[in-house]
Structures are given as structure tokens and as C-alpha cells.
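Enquirer:
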Amino acid sequence: MAKTPLQFSHNGRDVAIFVDGGTNLLVALRELIGDMTPKFGCGQGGCGTCSVLIDGELHLSCLTLAETVAGRSVETLDGIKDGPNLHPLQRAFADNFAAQCGYCTPGMLMAAKALLDRNPQPSRAEVIEAISGNVCRCTGYEPIINAVLAAASGGRARA
Amino acid sequence: MTRHRGRGIASVNYPIGMNLGGDPSQALVHSNPSGKFTVALSSIDLGQGMKSVTRQICAETLGVPVEDVYVDTADSDTGPHCMGSFASRGTHRVGNAVMAAAREARGVMMEAAAEELEVNAADLETDGRGNIHVKGAPHRSISTKDVAIAAQFKQGKTISGRGIFLVPLSDVDPETGEMSPATCYAHACLVAEVEVDDETGEVDMVRMDSAYELGRALNPRLVEQQLVGGAWMGVSHALYETPEPYYPEPIHGPRDFVEYLMPGPGDICPHDIAVLERPAPDGPFGAKGPGEMCANPVLPAVANAIFNAVGVRIDDLPITPEKVLRAIKAQGGARPQPRR
Ligand code: FES
Ligand code: FES
Chain A
0 MAKTPLQFSH NGRDVAIFVD GGTNLLVALR ELIGDMTPKF GCGQGGCGTC
50 SVLIDGELHL SCLTLAETVA GRSVETLDGI KDGPNLHPLQ RAFADNFAAQ
100 CGYCTPGMLM AAKALLDRNP QPSRAEVIEA ISGNVCRCTG YEPIINAVLA
150 AASGGRARA
Chain B
0 MTRHRGRGIA SVNYPIGMNL GGDPSQALVH SNPSGKFTVA LSSIDLGQGM
50 KSVTRQICAE TLGVPVEDVY VDTADSDTGP HCMGSFASRG THRVGNAVMA
100 AAREARGVMM EAAAEELEVN AADLETDGRG NIHVKGAPHR SISTKDVAIA
150 AQFKQGKTIS GRGIFLVPLS DVDPETGEMS PATCYAHACL VAEVEVDDET
200 GEVDMVRMDS AYELGRALNP RLVEQQLVGG AWMGVSHALY ETPEPYYPEP
250 IHGPRDFVEY LMPGPGDICP HDIAVLERPA PDGPFGAKGP GEMCANPVLP
300 AVANAIFNAV GVRIDDLPIT PEKVLRAIKA QGGARPQPRR
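Here you go:
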């Protein structure tokens with residue numbers, strides 16, 4: 000089958016790849032671009048660990064056809080840190096012990112970032128709503144919710 | 000439709016590790032010429048904190064800063080044998096093995112330092128900041144790095160240690176059937192409060208209060224993290240998840256995360272935890288371990304809370320709305336029990 004050329008912005012850098020028809024964005028990011036931060040959990044929209052931002056909006060990359068991001072901007076966990084400095088959300092996750100095995104963490108961080116980008120001072124209920132598409136086996140969610148609230152309040156309170 | 004509140008309690012007496020084959024774990028510790036130490040294990044850390052805790056145990060035993068210890072886990076090709084990460088055994092079994100290995104390595108390190116400082120090893124002490132000095136004479140000092148270099152390039156010594164922890168295997172007494180399957184027990188008590196809808200059979204968690212006695216908490220934040228997360232695995236087993244909902248019939252088994260139910264962030268409730276520290280005589284620095292037992296008291300406490308709320312006794316997990324509803328129907332309606 001003929002491959003399709005595809006160009007988009009990946010964490011602020013222009014990338015050009017060739018994809019087979021039907022390739023999903025998660026596979027394109029991991030296998031063709033080599034960005035391993037979006038994880039494969041279920042491949043069918045049930046777990047959220049593949050979450051990325053497309054033009055600033057939260058999407059499940061496993062359910063997104065790669066070709067649909069042509070010319071758009073894709074942001075993954077790999078792009079949220081500022082050089083050697085962790086993103087405030089990453090810092091808050093570490094401070095609040097919000098990751099154990101870490102498999103859900105990339106998706107949780109991207110869902111939280113999407114929330115804080117549009118609503119910098121969310122309520123607890125809004126945080127819960129924002130991460131409700133993400134499954135975590137280890138933490139019981141409480142530390143994750145606290146981390147997002149702490150990042151929103153400038154990392155001060157352990158809410 | 001009425002929503003009924005109920006409260007249930009459960010306590011557990013939890014044996015750390017198991018009796019099978021003595022339940023051994025091994026550790027190897029060696030220094031690199033940089034004066035940093037590597038701990039080789041084949042124990043696995045899935046996020047519970049085994050790497051952090053064994054690192055702390057090794058650093059404390061060697062008398063070096065925690066930053067100077069690197070723990071290499073989970074490769075059974077290159078690491079010494081371990082039974083595995085289960086039964087709350089990691090901190091206790093692996094920790095004890097690491098402690099033994101670090102003690103042996105410390106002995107060699109002190110001998111090598113003694114040779115460099117031309118004193119008796121018994122007269123030396125570590126300052127925990129990367130130096131070894133003569134007791135009472137801190138100026139007669141050498142860094143662990145210089146000791147490692149001297150051992151490697153001059154003295155021809157490996158600063159290394161081997162450790163194993165093995166519980167004596169307990170046989171069953173043929174007369175009485177008695178045995179002692181574990182040497183170390185942790186304890187917990189948990190109170191669960193639930194709300195049961197007598198029209199839908201749904202159970203909501205309202206709050207949990209618990210107390211855990213698990214020896215010394217070597218890393219209190221990691222202990223808390225285990226207790227917070229583990230309780231929700233308990234709730235999940237009590238109310239949501241199973242691979243075979245109609246066991247032994249394999250029908251309607253879940254095939255994905257949509258059908259395999261687990262609590263989501265909207266299902267959680269406040270959980271107040273008290274940690275009681277009662278150091279274990281045979282634990283590393285008194286530690287037992289908060290692993291599997293984090294989930295255990297939750298299941299019976301939730302089942303008891305449901306009984307307290309609507310008077311139905313369900314002894315088949317998970318306690319799904321269907322089971323609650325059938326049981327309520329069978330007894331002709333909800334029968335809230337007195338709250339004590
Ligand atoms: S991998 Fe995309 S939602 Fe699970
Ligand atoms: S930290 Fe393990 S799944 Fe969330």
C-alpha cells in the first residue's frame with residue numbers, strides 16, 4: 000500500500016514522516032518519531048495513558064488517525080518540560096507521590112495540563128472530571144488530584 | 000428509593016512473606032572506584048518503593064550518603080536470586096538481605112580505610128557524609144572515594160558484600176498440626192462507611208478510617224502512598240473487578256477496560272490513616288512492610304458495612320449491584336441494622 004507523507008509539529012518541532020493508511024497517532028509517535036512518552040495501554044480509548052494535546056486540546060492518540068494531524072500541533076509529555084526543568088505539574092506529581100508504576104502518569108499529566116491551560120484555578124471536582132478518562136491501578140487517584148491542585152496553587156499547598 | 004448508610008469494621012493479622020522453601024532473598028553490594036555503591040537485586044519494583052527503601056537500608060548500613068547508593072533491580076540474569084515482590088515481603092526479606100550484604104561490604108571498606116590511615120579498623124567510624132575517620136579524631140579522615148580507589152588500584156581488594164535472608168522452614172507438627180508460617184506479623188484495622196441504594200443495588204464509598212501497624216516506617220511517605228493506593232485496590236476487589244463475573248461459568252467475562260470495572264477518580268472517598276510503628280525484632284531497622292495488606296482489611300469491612308446498611312450478607316466477591324439487589328429482594332426489602 001502506498002504510504003502517505005505527513006507533516007505536523009511535534010512539541011514545537013516540524014516533523015515529516017510517511018505513514019500507512021489507517022496508522023494511528025500513537026503508533027506514529029512511538030514507532031516512527033520515537034517519542035515513547037505516550038503509552039499504549041489498551042488501544043481502544045479505555046485507559047487514557049496515550050493522551051496528547053492536539054492544538055492544545057486533549058485527545059486519545061490511540062483513537063486518532065495520524066493523517067488527521069497534518070499541519071497541526073501535537074504536544075506530548077516529552078515536550079512539557081522546560082529544558083532541564085520539570086514542568087510544575089511534574090514537580091507536583093513528584094512532591095505528592097502521585098506516581099507509583101508510572102504507567103498512567105503521561106496521560107494523567109497531559110489531561111491535567113489541558114485542564115490547567117484552560118482553567119488555571121480548578122476546583123477539586125473539576126480536577127476529578129478532567130482525569131476521569133484516565134485509569135490508575137496504583138495510587139487510588141487521591142495523590143494525583145492533590146498534585147494537580149498543588150500545581151494550580153503554585154506548588155505551595157498539599158491541598 | 001432509599002439510600003442507606005452502613006458502617007463495617009475488619010481487622011487483619013498479616014504474616015509478612017511466606018513459609019515456602021524458607022522464602023529467601025539475596026543481595027550483592029559492591030563499590031565502584033568512584034566510591035559509589037551498587038546493590039544488585041533481582042527483586043522487582045513496580046512502583047511500591049523497593050528501590051528507595053533498599054537504597055536507604057544500604058546507605059544507612061554502610062554509613063554513606065543515600066545519593067552514593069544505586070540499586071539495580073529486576074534482572075534475574077544478572078541479579079542474585081529473589082522469590083519476588085508479593086506478600087508484603089520486599090522491605091522485610093530483601094531489606095534484610097541488603098543489610099547483610101552492606102554489613103559485609105562495610106567490613107571490607109573499613110579494613111581498606113584502616114590500611115590507608117595506618118590504624119586499627121575497630122577504631123574507625125563513618126560520618127554518613129562520605130568520610131571515614133578515627134573515632135574522636137575527625138581530622139584523621141579519608142573519603143570513601145579515596146578508600147575505593149586505594150582498594151581497587153593499590154590494595155587489590157573488592158569492597159563488596161553478599162547477603163541472604165532465609166526464614167527457617169517451619170514444618171507441621173504431626174501431633175498437633177501446629178506450625179509457624181511466619182516470623183513477623185503486621186496488623187491493621189479498617190472502618191468503612193458506605194451508602195447502599197436499595198433500588199439499584201449500587202454501593203458508594205462514603206469514607207474509610209484505618210490504623211496500620213507495620214513495624215518501623217522506613218520511608219513514611221512511601222508507606223502512606225502504599226496505604227492510600229492499596230486501599231482502593233481493596234475497594235476495587237470488594238465492589239468492582241473480576242475476570243469471571245459468573246464463575247465458574249466463563250460467560251460475560253470482561254474483555255477490556257470498559258468492561259473490567261475499577262473505581263475511577265470520581266468514586267473515591269476520604270480515607271484517614273494512622274500508622275503505628277512497633278519495630279519488628281527481625282526486620283531491617285525494625286521494618287515489616289506495607290504491601291499486599293494495604294488492600295486486605297478493606298474487603299471484609301465493606302462487606303460488613305453493606306450488611307449494616309441493608310441487612311444482606313454477601314460472601315461472594317465482587318459485591319455487584321446485581322448481587323445486592325437480588326439479596327434485598329430475597330429478604331423482602333432492605334433491613335438496616337443498628338449502628339454501633
Ligand atoms: S491506549 Fe489510548 S486510551 Fe488506552
Ligand atoms: S501509577 Fe501505576 S497506574 Fe497510575
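Read top to bottom, the protein sequences are chains A and B. Numbering that gives the first Met the number 0 puts the first residue of the first sequence at 0, with every later residue one more than the last. Numbering that gives the first Met the number 0 puts the first residue of the second sequence at 0, with every later residue one more than the last. For each residue, glycine too, the CB sits at the ideal point set by N, CA and C.
Mind listing which residues of the segment 128-142 of chain A have their C-beta closer than 7 Å to chain B's C-betas, in chain order?
Expert: Ile130, Ser131, Val134, Cys137, Thr138, Gly139, Tyr140, Glu141 and Pro142
Enquirer: Check glutamine 154 (chain B) in the structure and name its three-state DSSP category.
Expert: helix
Enquirer: Work out the CA separation of proline 23 (chain B) and aspartate 76 (chain B) for me, nearest whole Å.
Expert: 17 Å
Enquirer: My guess is that glutamate 212 (chain B) and alanine 187 (chain B) are in contact by the Cβ rule of under 8 Å, so how many angstroms apart are they, rounded?
Expert: That belief holds up - the Cβ atoms of glutamate 212 (chain B) and alanine 187 (chain B) are roughly 7 Å apart, short of 8 Å.
Enquirer: Cβ of threonine 104 (chain A) within 9 Å of Cβ of alanine 97 (chain A)?
Expert: Closer than 9 Å, so yes.
Enquirer: Find the residues of chain B that neighbour cysteine 61 (chain A), judging by a C-beta separation of less than 7 Å, and give them in chain order.
Expert: Simply none; closest approach about 12 Å.
Enquirer: Taking 7 Å as the limit between beta carbons, can you name the residues of its chain near alanine 149 (chain B), skipping five residues before and five after?
Expert: Ala111 and Glu115
Enquirer: Measuring only from the beta carbon, is serine 60 (chain A) closer than 8 Å to any heavy atom that is part of ligand 1?
Expert: yes
Enquirer: What's the C-alpha gap between proline 262 (chain B) and glycine 228 (chain B)?
Expert: Approximately 11 Å between the Cα atoms of the pair.
Enquirer: DSSP has cysteine 188 (chain B) in a bridge; who is on the other side?
Expert: B:Ser10 and B:Ala210
Enquirer: Please report the distance separating the alpha-carbon of arginine 157 (chain A) from that of threonine 138 (chain A).
Expert: Since pLDDT at arginine 157 (chain A) reaches only 43, below the 50 mark, its modelled position is unreliable, and the value read off the structure follows with that caveat. Arginine 157 (chain A) and threonine 138 (chain A): Cα-Cα distance of roughly 16 Å.
Enquirer: Can you pull the chain B neighbours of glycine 106 (chain A), defined as C-beta to C-beta under 8 Å?
Expert: In chain order: nothing, as chain B lies at least about 12 Å away.
Enquirer: Can you give me the start and stop residues for the beta strand (DSSP E) that leucine 115 (chain A) sits inside?
Expert: Leucine 115 (chain A) -> not in any beta strand (DSSP E); alpha helix (DSSP H) instead, spanning 104-117.
Enquirer: So, does the CB of methionine 82 (chain B) fall closer than 9 Å to a CB anywhere in chain A?
Expert: no
Enquirer: If we ignore side chains and look at the alpha-carbon of each, how far apart do serine 72 (chain A) and glutamine 43 (chain A) end up?
Expert: 23 Å
Enquirer: Of all the CB atoms in chain B, is at least one closer than 9 Å to the CB of alanine 98 (chain A)?
Expert: yes
Enquirer: Relative to the C-alpha of proline 317 (chain B), which residue among B:Leu189, B:Pro296, B:Leu27 and B:Gly233 is closest?
Expert: Measuring from the Cα of proline 317 (chain B), the nearest candidate turns out to be B:Gly233.
Enquirer: Mind reading off the beta-carbon distance from valine 195 (chain B) to arginine 338 (chain B)? Whole number of angstroms is fine, and I expect it under 8 Å.
Expert: Rounded, the Cβ-Cβ distance is 13 Å, inconsistent with contact.
Enquirer: Between cysteine 103 (chain A) and ligand 2, is the CB less than 8 Å from at least one heavy atom?
Expert: Yes, since a heavy atom of ligand 2 falls inside the 8 Å radius drawn around the Cβ of cysteine 103 (chain A).
Enquirer: Given a threshold of 16 other Cβ atoms within 10 Å of its Cβ, counted over all protein chains shown, does valine 166 (chain B) qualify as buried or as exposed?
Expert: buried
Enquirer: Check each residue of the segment 40-70 of chain A: if its Cβ is closer than 7 Å to any Cβ of chain B, include it; give the result in chain order.
Expert: Cys41, Gln43, Gly45 and Cys46
Enquirer: Alpha carbon to alpha carbon, what distance is there between glycine 16 (chain B) and leucine 260 (chain B)?
Expert: 29 Å
Enquirer: Alanine 156 (chain A) CB to nearest chain B CB: under 9 Å?
Expert: With a pLDDT of 45 at alanine 156 (chain A), under the threshold of 50, the modelled position of this residue cannot be trusted, and the question is left open.
Enquirer: DSSP three-state call for threonine 90 (chain B): helix, strand or coil?
Expert: helix
Enquirer: Since I believe glutamate 59 (chain B) is in contact with phenylalanine 284 (chain B) (beta carbons under 8 Å), could you give me their beta-carbon distance rounded to a whole number of angstroms?
Expert: 7 Å
Enquirer: Within its chain, find whatever has a CB closer than 8 Å to the CB of isoleucine 305 (chain B); leave out the 5 residues flanking it on each side and keep chain order.
Expert: Gly5, Gly7, Val193, Val195, Val202, Val311, Ile313, Ile318 and Val323
Enquirer: Might you give, ordered along the chain, the residues of its own chain that have their beta carbon closer than 7 Å to the beta carbon of leucine 25 (chain A), omitting 5 neighbours on each side?
Expert: Pro37, Phe39, Cys49, Ser60 and Cys61
Enquirer: If you measure from the CB of leucine 76 (chain A), is any heavy atom of ligand 1 nearer than 8 Å?
Expert: no
Enquirer: Could you confirm whether any beta carbon from chain A is found closer than 9 Å to the beta carbon of proline 317 (chain B)?
Expert: no
Enquirer: Using only the heavy atoms of ligand 1, determine whether one of them is closer than 8 Å to the beta carbon of cysteine 49 (chain A).
Expert: yes
Enquirer: Please report the distance separating the alpha-carbon of phenylalanine 7 (chain A) from that of methionine 109 (chain A).
Expert: The straight-line gap separating the alpha-carbon atoms of phenylalanine 7 (chain A) and methionine 109 (chain A) is approximately 19 Å.
Enquirer: Taking all protein chains shown into account, do 16 or more other C-beta atoms lie within 10 angstroms of the C-beta of isoleucine 250 (chain B), making it buried, or fewer, making it exposed?
Expert: exposed
Enquirer: Using only the heavy atoms of ligand 2, determine whether one of them is closer than 8 Å to the beta carbon of threonine 138 (chain A).
Expert: yes
Enquirer: Comparing C-alpha positions only, which one of A:Phe17, A:Ala15, A:Cys46 and A:Ile79 sits nearest to aspartate 116 (chain A)?
Expert: A:Ile79
Enquirer: Does ligand 1 have even one heavy atom less than 8 Å from the beta-carbon of leucine 25 (chain A)?
Expert: yes
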